[in-house]
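Notes to accompany the following structure.
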Amino acid sequence: MALMSYSQAAATALAEAMRADRNVVALGEDLGRGGIFAQYRGLQQEFGADRVIDTPISESTIMGAAVGMALAGLRPVVEMRVVDFALCAIDELVNQAAKNRYMFGGQGRVPLVVRMPIGLWTASAAQHSQSLEAWFAHIPGLTVVVPSAPADNYGLLHSALESGDPVVYLEHKELWGDEGEVEPGLRVPLGSARVLRAGSDVTLVSWSKAVRTCVDAASELASAGVSAEVIDLRTIWPWDRATVLGSAARTGALVVVHEAVQVGGFGAEIAASAAEETGCRVKRVGAPRIPSGYSKPLEDESRVTVAQVVAAARSLAAPGVHP
Amino acid sequence: MALMSYSQAAATALAEAMRADRNVVALGEDLGRGGIFAQYRGLQQEFGADRVIDTPISESTIMGAAVGMALAGLRPVVEMRVVDFALCAIDELVNQAAKNRYMFGGQGRVPLVVRMPIGLWTASAAQHSQSLEAWFAHIPGLTVVVPSAPADNYGLLHSALESGDPVVYLEHKELWGDEGEVEPGLRVPLGSARVLRAGSDVTLVSWSKAVRTCVDAASELASAGVSAEVIDLRTIWPWDRATVLGSAARTGALVVVHEAVQVGGFGAEIAASAAEETGCRVKRVGAPRIPSGYSKPLEDESRVTVAQVVAAARSLAAPGVHP
Amino acid sequence: MARIRAFENAAEIASQGGVQAWGLKTSAKPALVRGPLHLSTGQEAVAAGVCANLTRKDLLTSTHRGHGHTLAKGADVDRMMAELFGKATGSNRGKGGSMHIADFSVGMLGANGVVAAGMPIAVGAAQALKIRGQPEIVACFFGDGAVNRGPFLEALNWAVVYGLPVLFVCEDNRISATTPTGPMTGGAGAAARAESIGVPAVRVDGNDVEAVDAAAARLVAEVRAGSGPRLLHALTYRFKGHVSVDPGAYRDPAEVARALESDPLTIARDRLVARGVAADDIAAIDAAAAAEIDAAMAAAAAAPLPDPASAYTDIQNTGAGQWR
Amino acid sequence: MARIRAFENAAEIASQGGVQAWGLKTSAKPALVRGPLHLSTGQEAVAAGVCANLTRKDLLTSTHRGHGHTLAKGADVDRMMAELFGKATGSNRGKGGSMHIADFSVGMLGANGVVAAGMPIAVGAAQALKIRGQPEIVACFFGDGAVNRGPFLEALNWAVVYGLPVLFVCEDNRISATTPTGPMTGGAGAAARAESIGVPAVRVDGNDVEAVDAAAARLVAEVRAGSGPRLLHALTYRFKGHVSVDPGAYRDPAEVARALESDPLTIARDRLVARGVAADDIAAIDAAAAAEIDAAMAAAAAAPLPDPASAYTDIQNTGAGQWR
Ligand SMILES: Cc1ncc(C[n+]2csc(CCOP(=O)(O)OP(=O)(O)O)c2C)c(N)n1
Ligand SMILES: Cc1ncc(C[n+]2csc(CCOP(=O)(O)OP(=O)(O)O)c2C)c(N)n1
Ligand SMILES: [Mg+2]
Ligand SMILES: [Mg+2]
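Encoded structure:
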């Protein structure tokens, strides 16, 4: 076990994969300097500029070139800096990478991991703060990973690199500095959630940074006599239906929490699925449908809070009463 | 009243708006020839090449330039041909158009209507068949219009042009030839649904081409003794919560139907909202999470069918029994 | 060239009554080929002349108008035609159709439904070849309309920055769908833009297959030698409408008539005749092509449609087996 | 120039301890300016020299590094500084911050968080001016890194196709974030690319405000006369790191030291002195700038934060009043 930050955990996993397979390469802007969040620190020194590739400011071509690299035998990791800039490369991701294997009848595959950090990040305002995981979950051909902890960022990045098809890998910008124990060699399978806390009155489901909010809310709920189960999805496509629906069926109440805008967020998919399949009571907590503001009071309106989660859970959960 | 096709209805509304306001312009590829679906037929002849503008193949700049035009006093209508090509202009739409008014503190506004046809269209395969309305509904700053009939395409296009902020206007490629009566001067307000058929056992909600499927399903359900209410949302942002939730509360059962991929589709938002707010039973019918195939048997797998809607409705609705 | 022409003509006939577009109603008669076809009739010399200089292991990216490139790269005609017919025996198992025609087994990485989208893919493939130390190169075809999309700039720049083995080929038929490209293009076009980015470029008569071959031979040799990317700007003409159902009525008939006079096949045939090749030998080439295509048509017509269950395969490995 | 320098220096100090990035931890001390600042310190002559040739009604689009352009275009310093402080009195009501600084009342249509994104917006604004028959022009600023993004090509081409009144200004500080732009750029750069697209281009020493002014004057006159777009390629240097928290440690200190020797303010001052302007008069300019900025800082510090309810305004008119 080693203590690592969320960014180090990813850098470590990537370094291991690059050592194990010469076909793994990384490309993006400013990677030589370690990436702007230090998530590539040391890699160009170890693997050279041919495999840790500094690129021109050409998001479309970073993504599109990665598709071509993948088709020709490499396993590229693309760095988009923030998901907002990946909006310059959506044709390449959605029309090219995601559909390639299908469109060409399985002649080729695109083993590609696209890292595009999401989330609010101190006063970064409307164009550097989005959480767009719901978009990618809607696109056939894409796997969508949303790690919340260093160990997951290590174990999931390995699994993403091994998937053989395009993976949208969404790290949260306010988690880079978080530290945690990481077990070397760990693999976290895609599609497997983690139950962080068992509970019987209400199920709290979340991912990425909102997991923290749910953990804190569960403590607060416990003091109020409400027993909350907390589930970290870790990947939203595929998502761990068995764990979530099983829990929701047991507790009879599900709250989905995410930092993304609530309207059309992936919480709607989870809530709708749970309502369809278990008939449980559901509630969502997400950001209002507003752009992120620069000034703190405005930015704070886009943050999901412990109080909101507690209120949502209490509105659903009748402590001790099970349907 | 005049009998018009869905495409003529839009061309007529646009012509009226251009006659009324010199600042309304249209831009896109091949508009001079009337647009590839005849939805601009006759406009360049009437208004000239300065106002019905043929452009280079430059989707990013078509969209980005329209933002600039809007800031400088015009009211542009952008043609993207199919929504799939608009994926080359997502930064311009999402980071620039949608956020402009907010980001700059209300200093400017972007009165922009972006037409991007959606949907399956005979053997057009994976890159010309997508329905991505859920994406745009998730983005603060965008209004999302999904007309199903000629009269709505006329009345909603007028309202979109009058909104003063960015509107994503999604016509369905398999509806262009549909004919219907259109009343000159009609305005269909954004956010107002239309109840196509009243019913008491189950509520069917849909939009765009899937409305037809619901109407047919309702007839079939009627023969089976199930009374279905059919609601055409017409705009999915804003969506008519009062009409939908009111109906769902009455019938106790809601089926949302759309051609888009079901996972992460906007049906999830409607179903989740209804479950949250009315506690009704919910079910969704959408396409499986697969790219659209070229060959008919594959393409057909992505089409929502009357049989699917009937089955979903019957699974929820206990005829005559109200909770 | 004769094979490409025969393929395009046969496909065109098979598609009549297919996809509705251009404001036309669908015909009552069901078409053998349902989907849209972008025919390269009249442009055969570019595909043939360039691909004559490629090996089967070299890679190629194409456009929406990709039949000629695919055939010239050595793809199997039966599997191609079956793909247009949407059959299970098609190169893409019926999943892609004309607009996504591909044969990875001969290095043909696919037609593309998005203008210019093949360009970044091509440079990435070339970068993989370079990084992996392989001797092959990539040929990247695109139309004159594509030079006004951002990926043109980005991909050429990228190829220069990393010194990649790519031959860019601008197949310039002077039109983009229904719009003449000239007035939509600032400056002198593909070659001039390429030079400004540091990609040496050559212009050639794209209807003269020998000229294309000679120019491509020189450029391919340079690219293979590791000199970095090159661009070939080939001038040609699209004999048909933009897409199968488009009569192309927006073009001046006199222009079309003039263009038909420099049919690349006629030019090549006349030259062979002038060099003393027997008329019978030339006719035999045409006959062989016709026979091959007829057989492909028959096989495609007889082949089975894909199983609907195959709509759920070839998508992605999520490790979870969940598709809905 | 003196105002821009004073503004940047003050903003830099106010931002210390702000946004976490570059692998650094957030400092304990709360910063007056929380958000990222891209300072234009060292590049003042480009903004000043170009904007001297614009009217208040001309339009301007900017980059992430937009303070200088905004000030030079005549924006109100108090409202700008308040915006950086995230105050309700800011030009953007605290909604945008430095990266989105704007003052539409003087034609400054906004800084932009996306590299090259201002370019299509600029050409669209110019097209509106032309269509509406207005006499104004648009100045479009962008960095050397932006020339490798697609919108550079598309926007220049667009401006040529429609003959639009735009002056493109490449503010070339030879670096893109932490990466030298040269090795990432094929060919001779902005001016060469522009010429190939049909946009006449001029190179100038961007640290010599008189040279910038003279070149801009000529180009602006041509643009105003209806001759279509022009490009000014101004060579300059970024004195600071990429963003406020970046120490810029990846640059050779010798290079930075050399660059500091051609500080545009020093060059301008020396020239004034050589022409006999009194040292006191020059000092008075600096003092006035310092006083103005000090007042802006004090006003910004004292101003109220925005009401959280204002997070829900200035978004869109849906006709329905629903935000969630
Ligand atoms: C990004 C994008 N925009 C628009 C289209 C629609 N479209 C298909 S082909 C075409 C014309 C392309 O012209 P060119 O590149 O010259 O190729 P050609 O058809 O002449 O072979 C257009 C506009 C598209 N497929 N992709
Ligand atoms: C599309 C996009 N990609 C990446 C970034 C991150 N980024 C911000 S500024 C910058 C460097 C820009 O360099 P240049 O255009 O030369 O401007 P300068 O910072 O030197 O003024 C980068 C890569 C971005 N904002 N937008
Ligand atoms: Mg062409
Ligand atoms: Mg720079």
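Protein chains in written order, with our numbering: chain X, -18 to 304; chain A, -18 to 304; chain F, 24 to 347; chain L, 24 to 347.
Yeah, the Cβ is synthetic: ideal placement off N, Cα and C, and Gly gets one too.
The model shown is predicted, which means the values in this text are computed figures rather than measured ones.
A Cβ-Cβ separation of about 4 Å places isoleucine 144 (chain L) in contact with glycine 49 (chain A) under the 8 Å criterion.
The DSSP-derived three-state label of glycine 145 (chain X) is coil. Ranked by how close their Cα comes to the Cα of methionine -18 (chain A), the residues A:Glu164, A:Ala115, A:Ser144 and A:Ser112 have A:Glu164 in first place. In the DSSP assignment, lysine 80 (chain X) falls within the alpha helix (DSSP H) that extends over 79 to 84. Under the three-state reduction of DSSP, tryptophan 102 (chain X) is assigned to coil, being neither helix nor strand. Secondary structure note for serine 41 (chain X): its alpha helix (DSSP H) is the uninterrupted segment 40 to 52. The beta carbon of glutamate 10 (chain X) sits closer than 7 Å to at least one heavy atom of ligand 2. Serine 41 (chain A) is positioned such that its CB atom lies closer than 8 Å to that of proline 174 (chain L). When beta bridges are read from the DSSP output, aspartate 72 (chain X) appears opposite no residue.
Per the Cβ contact rule, the stretch 284 to 296 of chain A is not in contact with the stretch 128 to 139 of chain F (fewer than 3 Cβ pairs under 8 Å).
Comparing alpha carbon positions, the residue from L:Asn196, L:Leu288 and L:Ala105 closest to alanine 213 (chain L) is L:Asn196.
Look at proline 206 (chain L) here: in three-state DSSP terms it is helix. Restricting attention to L:Glu106, L:Ala98, L:Ala140 and L:His87, the CA atom closest to the CA of leucine 328 (chain L) is found in L:Glu106. Neighbours of aspartate 337 (chain L) in chain A, taken as residues whose beta carbon is under 7 Å from its own, are Arg82, Tyr83, Gly86 and Gly87 in chain order. Taking a contact to require three or more Cβ pairs closer than 8 Å, the stretch 166 to 179 of chain X and the stretch 121 to 141 of chain X qualify as touching. Taking a contact to require three or more Cβ pairs closer than 8 Å, the stretch 255 to 268 of chain X and the stretch 278 to 286 of chain X qualify as touching.
In this structure, the alpha-carbon of glycine 89 (chain A) lies about 17 Å from that of isoleucine 271 (chain X).
The Cβ atoms of valine 222 (chain F) and leucine 254 (chain F) sit closer than 8 Å to each other. Between the C-alpha atoms of valine 6 (chain X) and glycine 147 (chain F) there is a straight-line separation of about 12 Å.
Within the stretch 192 to 229 of chain X, the complete beta strand (DSSP E) runs of at least 3 residues fall at 209 to 213 and 216 to 218. Pairing glycine 120 (chain F) with alanine 111 (chain F) gives a Cβ-Cβ distance that is not under 8 Å. In this structure, the beta-carbon distance from leucine 295 (chain F) to glutamate 67 (chain F) does not fall below 8 Å. In this structure, arginine 82 (chain X) sits away from isoleucine 290 (chain F), with a CB-CB distance that is not shorter than 8 Å. Annotation for threonine 204 (chain F) indicates a beta carbon within 7 Å of some heavy atom of ligand 3. In the DSSP annotation of this structure, the continuous segment of the alpha helix (DSSP H) that includes glutamate 233 (chain L) starts and ends at 232 to 247. Taking every protein chain shown into account, the CB of serine 128 (chain L) has fewer than 16 other CB atoms within 10 angstroms, so this residue is exposed. Under the Cβ distance rule, valine 184 (chain F) counts among the residues neighbouring chain X, one pair being separated by less than 8 Å.
The residue among X:Arg14, X:Gly13, X:Leu55 and X:Gly23 with its C-alpha nearest the C-alpha of alanine -6 (chain X) is X:Gly23. Check the Cα spacing between proline 219 (chain X) and each of F:Arg216, F:Asn340 and F:Val184: the tightest is with F:Asn340. Among the bridge pairs identified by DSSP, phenylalanine 164 (chain F) is matched with F:Val192.
The three-state reading of DSSP puts glycine 173 (chain F) in helix, counting H, G and I together. With its beta carbon at least 8 Å from every one in chain L, valine 58 (chain A) lies outside the interface. Taking the Cβ of asparagine 196 (chain F) as the reference point, at least one heavy atom of ligand 1 falls within a distance shorter than 7 Å. Residue pairing for tyrosine 150 (chain A): DSSP places it in a beta bridge opposite A:Arg96 and A:Val126.
Put simply, of F:Ser199, F:Asn32 and F:Leu179 the residue whose alpha carbon is nearest the alpha carbon of arginine 274 (chain F) is F:Ser199. Taking the C-beta atoms as reference points, leucine 214 (chain X) is found no nearer than 8 Å to valine 75 (chain X).
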